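First the structure, in the form of structure tokens, and then the observations on it.
Numbering (my numbering), first residue to last: 8 to 502.
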């Protein structure tokens, strides 16, 4: 329980304090200043209620306590507007003044010793907390003298330099409080609205909003035996609560408002997104998530059609796997990077070849190298080229293409009938080439017989195909230069 103190400067010793409010997240621990907007609600206060107060405060690491807000008091004898209370005795350092019902005034208190009734205080002029329904920003922050400033709507209304400022030991908190002579509440506290609780971070000297609000409900430690607090809290919006009478009662420590962080996931359209095991539809998408760790799951591949797809290539922050964990403490944006892939299909009666498969856009795919010719029992087949839908892609037995689209190719062969029997033809061709060899002899007449050039079986086969009168099929398509790439480097498909 955080120490909540008596919100008035009177020298009387009050017995009971009933509070309802909220504390911020643990990130606000160690702050050197707090602030909140409070909406003024003007109402009358009657006995046994001794005063109502609505404020923001801090417990500090040196064991002290500080608070700033506005208060409502019943009509009593003149009250000193600044001074010190010690052991129930007041020391007035300013002019006494009558404070009537319905007069909402700012106030501050500083308690250097929480083990005794001892505090310093200040109270503003008449109606200094503004009219009914007006919003005001209450700020506690360090000053140039290393003490504390109390700032209302950007204007310093009071300073306290008896003690140096120090960081908080607990989170920042906001409270609506009734101080009563009876352990039972009057049931007439507010309600009053608080919004935008912030803390001044010591490391960067910047203001930060809390990321959650947790309920505080009960009695002050000075009078821990008060009755049941009937007051409650409603959630009006992000970092915005209404506290007081007629609202839902809350348990101590109940989570009132978690700040939802917006996670923006930039992914290709139609990408299925899973967060914490639940599907969130297709992206791109913005998701509101609590602070903490969350798991993201994206598909490795996104199929476009039978020959085109997208392949996951990494996250914008360098993470390599499509499945990952993110730790959110604020709004964040991530991009999933996908690359386009196209499929290379080889149509062949042979077994599937290794090069067939998926390739990243812009990479080179090499076709399986074909033999220039091959024999069957009845024909000689000579390689004619790689074709796609009857269009020549390349006439080289060893070819490759730039994968800027899907390709479905097949090797095409010219067939030449073998008749008469092949060995007769080969013999005849051998005699023919021996006689022709004299045309390519080396040396001079005096050097002896001429030397014929040796012929391979491949030469013989090709010559036969050239000279054969047998029937054969011919494809007359012209190669498409925009599709032809003669690189022969082999690049395996990427799966």
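Here a beta-carbon is modelled for each residue, glycine too, at the ideal position from N, C-alpha and C. Please read these numbers as outputs of a predicted model, since none were measured by experiment.
Alpha carbon to alpha carbon, what distance is there between residue 308 and residue 400? When rounded, the distance between both Cα atoms is 29 Å.
Using the Cβ count rule (16 or more neighbours within 10 Å means buried), how would you classify residue 185? Burial of residue 185 is indicated by the presence of at least 16 other C-beta atoms within 10 angstroms of its C-beta.
Residue 188 burial status per 10 Å Cβ neighbour count (16 or more: buried): Residue 188 counts as exposed, since fewer than 16 other C-beta atoms from the protein chains shown sit within 10 angstroms of its C-beta.
Counting C-beta neighbours from all protein chains within 10 Å, is the total for residue 2 16 or more, i.e. buried, or is it exposed? Residue 2 lies beyond the stretch modelled for the chain, which goes from 8 to 502, so this question has no answer here.
Whole runs of the beta strand (DSSP E) within the stretch 133-206, excluding any shorter than 3 residues: Whole beta strand (DSSP E) segments, 3+ residues: 142-149, 155-159, 162-167, 180-187.
DSSP three-state label for residue 355, please. In the structure shown, residue 355 sits in coil (DSSP, three-state: anything other than H, G, I, E or B).
In terms of alpha-carbon separation, which member of 126, 212, 329, 265 lies closest to residue 242? Nearest of 126, 212, 329, 265 to residue 242, Cα basis: 265.
For residue 407, which of helix, strand or coil comes out of DSSP? If DSSP states are grouped into helix, strand and coil, residue 407 belongs with the strands.
Within 10 Å of its beta-carbon, does residue 293 have 16 or more other beta-carbons around it, so buried, or fewer, so exposed? By the 10 Å Cβ count, residue 293 comes out exposed.
Own chain partners of residue 127 with C-beta closer than 6 Å, once the 5 adjacent residues on each side are dropped: Residues 91, 117 of the same chain have their beta carbon placed closer than 6 Å to that of residue 127, with the five preceding and five following residues left out of the count.
Residue 172 and residue 43: beta carbons closer than 9 Å? Taking 9 Å as the Cβ cut-off, residue 172 and residue 43 do not qualify as a contacting pair.
On the criterion of 16 or more Cβ atoms from any shown chain inside 10 Å, does residue 211 qualify as buried, or is it exposed? By the beta-carbon neighbour count (other beta carbons within 10 angstroms, threshold 16), residue 211 is exposed.
Stretch pair the stretch 320-328 + the stretch 372-383: three plus CB contacts closer than 8 Å: Fewer than three beta-carbon pairs drawn from the stretch 320-328 and the stretch 372-383 are found closer than 8 Å, and the two stretches are therefore not classed as touching.
According to DSSP, residue 304 sits in a beta bridge with which residue or residues? According to DSSP, residue pairing for residue 304 in a beta bridge involves 281, 330.
Please state if the CB of residue 133 and the CB of residue 48 are separated by a distance shorter than 9 Å. Going by beta carbons, residue 48 and residue 133 fall outside the 9 Å limit.
Applying the 10 Å Cβ sphere with the 16-neighbour rule, what's the burial state of residue 181? Residue environment: residue 181 is assigned as buried (16 or more neighbouring CB atoms within 10 Å of its CB, all protein chains considered).
Identity of the residues DSSP links to residue 220 by a beta bridge: The partner list for residue 220 (beta bridge, DSSP) reads 264.
Across which residues does DSSP place residue 399 in a beta bridge pair? In the DSSP assignment, residue 399 forms a beta bridge with 394.
Simplified DSSP state of residue 295, which is helix, strand or coil: Looking at residue 295 - three-state DSSP - the assignment turns out to be strand.
Residue 221 burial status per 10 Å Cβ neighbour count (16 or more: buried): Residue burial is scored here from C-beta neighbours: residue 221 has at least 16 other C-beta atoms within 10 angstroms and is therefore classed as buried.
For a test of the three-state rule: what should DSSP assign to residue 34, helix, strand or coil? Residue 34: helix per DSSP, three-state reduction.
Other residues of its chain near residue 137: CB distance less than 6 Å, five sequence neighbours each side excluded: In chain order, 47, 143 place their CB closer than 6 Å to the CB of residue 137, counting only its own chain and leaving out the 5 sequence neighbours on each side.
For residue 3, which option in 312, 284, 275 has the closest C-alpha, if you only look at C-alpha atoms? Any question about residue 3 goes unanswered here, given that the chain covers just 8 to 502.
Give the C-beta separation of residue 239 and residue 255 to the nearest angstrom, bearing in mind that I take them to be a contact with Cβ-Cβ under 8 Å. About 4 Å separates the two Cβ atoms, so the contact holds.
Taking the Cβ atom as the reference point for each residue, do residue 336 and residue 34 lie within a distance shorter than 9 Å? It is a contact, given that the beta carbons lie within the stated cut-off.
Is residue 162 close to the ligand NAP? I mean its beta-carbon at under 8 Å from any heavy atom of the ligand. Because no ligand of any kind appears in the structure shown, any question about the ligand NAP cannot be addressed here.
With residue 28 and residue 223 assumed to form a contact (beta carbons below 8 Å), what rounded beta-carbon distance in angstroms separates them? Going by Cβ atoms, the distance from residue 28 to residue 223 rounds to 5 Å, so yes, they are a contact pair.
Pick out whichever of 203, 79, 420 has its Cα sitting closest to the Cα of residue 216. Scanning 203, 79, 420 for the CA closest to the CA of residue 216 turns up 203.
Check whether residue 267 and residue 290 have beta carbons under 9 Å apart: The Cβ atoms of residue 267 and residue 290 do not sit closer than 9 Å to each other.
Provide the residue(s) that pair with residue 418 in DSSP beta bridges, ordered along the chain. Looking at the DSSP assignment, residue 418 forms a beta bridge with 393.
So for residue 54, helix, strand or coil by DSSP? If DSSP states are grouped into helix, strand and coil, residue 54 belongs with coil.
Three-state secondary structure (DSSP) at residue 233? Here DSSP, grouped into helix, strand and coil, assigns residue 233 to coil.
Determine the closest residue to residue 100 out of 94, 88, 93, 109, with distance taken between C-alpha atoms. Looking at 94, 88, 93, 109, the one whose alpha-carbon comes closest to that of residue 100 is 88.
What is the residue span of the beta strand (DSSP E) that residue 320 lies within? Under the DSSP assignment, residue 320 falls in the beta strand (DSSP E) whose first and last residues are 315-322.
Answer with buried or exposed for residue 278, where buried requires no fewer than 16 other C-beta atoms within 10 angstroms of its C-beta. Buried, since its Cβ has 16 or more Cβ neighbours within 10 Å.
Between which two residues does the beta strand (DSSP E) holding residue 43 run? That run of the beta strand (DSSP E) goes 41-46.
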